[in-house]
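Worksheet for the structure shown next.
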Amino acid sequence: MALDTLSPSDPLCVGIIGGGQLGKMIAHEAKRMSLKVVILDPTKDCPASSFADDQIVADFKDENAIRKLSSMSDIVTYEIELANSAALKELESQKYPIFPLPHVLKIVQNKYRQKLFLRENGIPVPEFALVTSESQLEGLCEEYGYPAMLKACEDSYDGRGNFIIASKDDISRSLQYFAGKECMLEKFVAFSKEISIMVARNIQGQIESFPVAENIHRNSILDTTIVPARISSSVQGQAKRIATKTASAFGSPGIFGVEMFVTRDNKVMVNEIAPRPHNSGHYANEACSISQFEQHLRAVMGLPLVKPELLSPAVMVNILGPDGIDGPYNIQGVSKICAVPGVKLYIYGKKISKYRRKLGHITATASSLGKAIERAKAAREMIKVDRAIGGR
Ligand code: ATP
Ligand code: MG
27 MALDTLSPSD
37 PLCVGIIGGG
47 QLGKMIAHEA
57 KRMSLKVVIL
67 DPTKDCPASS
77 FADDQIVADF
87 KDENAIRKLS
97 SMSDIVTYEI
107 ELANSAALKE
117 LESQKYPIFP
127 LPHVLKIVQN
137 KYRQKLFLRE
147 NGIPVPEFAL
157 VTSESQLEGL
167 CEEYGYPAML
177 KACEDSYDGR
187 GNFIIASKDD
197 ISRSLQYFAG
207 KECMLEKFVA
217 FSKEISIMVA
227 RNIQGQIESF
237 PVAENIHRNS
247 ILDTTIVPAR
257 ISSSVQGQAK
267 RIATKTASAF
277 GSPGIFGVEM
287 FVTRDNKVMV
297 NEIAPRPHNS
307 GHYANEACSI
317 SQFEQHLRAV
327 MGLPLVKPEL
337 LSPAVMVNIL
347 GPDGIDGPYN
357 IQGVSKICAV
367 PGVKLYIYGK
377 KISKYRRKLG
387 HITATASSLG
397 KAIERAKAAR
407 EMIKVDRAIG
417 GR
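Quick note, in the working numbering, the sequence shown goes up one by one and the last residue is 418.
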């Protein structure tokens with residue numbers, strides 16, 4: 027589909043599986059061109075619902091709901107890996123445009139399958155192997171050395187599916203932790219930095235990547251993204267080549283978040299790929315000539331991509347649910363934050379806070395990276411999430 031005409035009197039409809047903050051920001055971008063948006067999400071007042079014309083309230087894997095979404099939409103995309111790849115594949119065979127293509131979703135949904143795919147396509151990854159028994163795991167740990175990283179192959183996010191095996195004594199506990207789920211072992215990478223690139227490929231095969239972002243995780247959750255990443259030009263070159271190679275290996279329209287490690291000897295390897303907009307790409311809303319959400323929509327609608335240019339240094343920090351609040355919450359300090367120049371506050375609109383849940387983010391831009399870091403840090407200290415007792 028090459029798109030040249032939009033009809034505001036009968037707008038094109040984008041169906042999005044998942045109505046979280048990523049779905050919300052895709053929908054927001056779609057609304058700029060007055061496209062119609064339908065979302066599929068089990069939570070009625072999920073973040074994207076405020077920008078959606080319609081919502082199908084159902085589980086992400088519900089085949090009937092996915093079918094209904096396709097019948098209501100001209101294009102279906104997704105913001106989460108939990109979507110039902112088999113159901114999407116069936117719809118693809120009936121010529122429904124679903125992007126990224128369902129085969130990509132199937133590959134990334136399983137970390138072992140994903141790593142095999144990357145390795146087979148010549149993309150550097152840490153050493154890894156499927157775990158088949160406790161004694162085989164023991165042998166693998168001996169081979170890779172301690173610590174080693176045990177990962178559940180499916181349904182893990184924010185580090186919840188990872189277990190660091192520090193010594194032989196941890197082996198049986200690590201397997202118990204995953205209670206019979208399929209697992210893989212990965213060599214522990216003593217990285218000097220984590221970086222990521224958003225890379226998009228459109229229907230015509232054009233590929234464009236965003237600047238390299240440097241990511242700092244805290245307790246396995248993304249805490250801070252710094253752009254430009256503080257890396258050498260050789261590392262930057264490797265990262266860009268890897269991102270482009272990954273996008274062409276997938277051979278699918280869409281945007282991809284390529285998470286990578288930089289080793290102490292300056293080699294770049296892929297940790298994992300997200301077939302969707304990514305938390306580490308939020309900075310582009312303020313700092314680039316195009317946002318990841320617009321680039322994604324262009325990619326899946328068959329529109330030309332533009333080469334994202336970094337307009338200013340930027341630092342993004344996440345606002346996470348604190349410990350001890352499991353319910354309605356307030357975000358305090360808004361007027362103080364708004365007084366800091368170059369700072370943008372995003373509040374996703376989740377009705378309930380949970381420990382470590384992503385509730386919003388702050389992006390600070392400035393004329394220098396040092397200043398952007400300072401601004402983001404200062405802004406985050408001004409924010410306080412607390413329990414809402416009896417409303418505001
Ligand atoms: P997310 O949802 O944040 O992407 P995830 O649950 O999919 O996380 P991973 O991305 O595999 O999990 O890992 C989370 C973090 O754990 C990584 O960002 C990195 O800090 C660390 N990590 C993962 N694999 C390794 C490894 N092989 N060696 C060292 N650290 C690792
Ligand atoms: Mg990850």
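The C-beta atom is built at its ideal place from N, Cα and C for all residues, glycine as well.
| Query | Result |
| --- | --- |
| Please return the same chain residues whose Cβ sits closer than 8 Å to the Cβ of Tyr-138, not counting the five positions on each side in sequence. | Phe-154, Leu-156, Cys-179, Glu-208, Met-210 |
| Restricting to Cα atoms, I'd like to know which of Gln-162, Ile-221, Asp-184 is closest to Lys-194. | Gln-162 |
| Once the 5 residues before and after Asn-228 are set aside, which same chain residues still bring their CB inside 6 Å of it? | Pro-279, Ala-325, Leu-331 |
| When you compare the CB positions of Met-342 and His-387, do they come within less than 8 Å of one another, or not? | yes |
| Would you call the segment 235-248 and the segment 124-136 in contact, with 3 or more CB pairs under 8 Å? | no |
| Could you please give the first and the last residue of the uninterrupted beta strand (DSSP E) stretch that includes Asn-344? | 340-346 |
| Cβ of Met-175 versus every heavy atom of the ligand ATP: is any distance shorter than 7 Å? | yes |
| Using CA atoms only, rank isn't needed, just tell me which of Ile-43, Ala-56, Cys-364, Ala-390 is closest to Pro-37. | Ala-56 |
| Measuring from the CB of Ile-247, is there a heavy atom of the ligand ATP at a distance below 7 Å? | yes |
| Which partner residues does Ser-80 have in the DSSP bridge list? | Just to set this straight, residue 80 is Asp in the shown sequence, not Ser. BP columns for Asp-80 point to Val-64. |
| Hey, how far is the Cα of Lys-403 from the Cα of Val-366? | 11 Å |
| Report the three-state DSSP secondary structure of Gln-120 (helix, strand or coil). | coil |
| Report the residue from Ile-409, Leu-95, Gln-230, Arg-256 whose alpha carbon sits nearest the alpha carbon of Lys-362. | Ile-409 |
| For Glu-407, count the other beta carbons within 10 Å of its own beta carbon; 16 or more makes it buried, fewer makes it exposed. Which is it? | exposed |
| Roughly how many whole angstroms lie between the Cα atoms of Gly-171 and Gly-185? | 21 Å |
| Any heavy atom of the ligand ATP closer than 7 Å to the Cβ of Glu-220? | yes |
| Under a three-way DSSP split, which group does Asn-305 fall into? | helix |
| Are Val-225 and Ala-269 closer than 8 Å when you measure CB to CB? | yes |
| On the three-state DSSP scale, how would you describe Cys-167? | helix |
| Are the CB atoms of Asn-292 and Ser-258 within a distance shorter than 8 Å? | yes |
| Assign Cys-179 to one of three DSSP states: helix, strand, or coil. | coil |
| Secondary structure at Tyr-138, three-state DSSP: helix, strand or coil? | helix |
| Return helix, strand or coil for Thr-69, following the three-state DSSP convention. | coil |
| Within the continuous beta strand (DSSP E) that includes Cys-314, where are the two ends? | Careful: Cys-314 lies outside any beta strand (DSSP E) and carries neither H nor E. |
| Would you report the Cα separation of Gly-359 and Val-411, rounded to the nearest angstrom? | 9 Å |
| Within 10 angstroms of its Cβ, does Ala-53 collect 16 or more other Cβ (buried), or is it exposed? | buried |
| Taking only three categories from DSSP, how would you classify Tyr-203? | helix |
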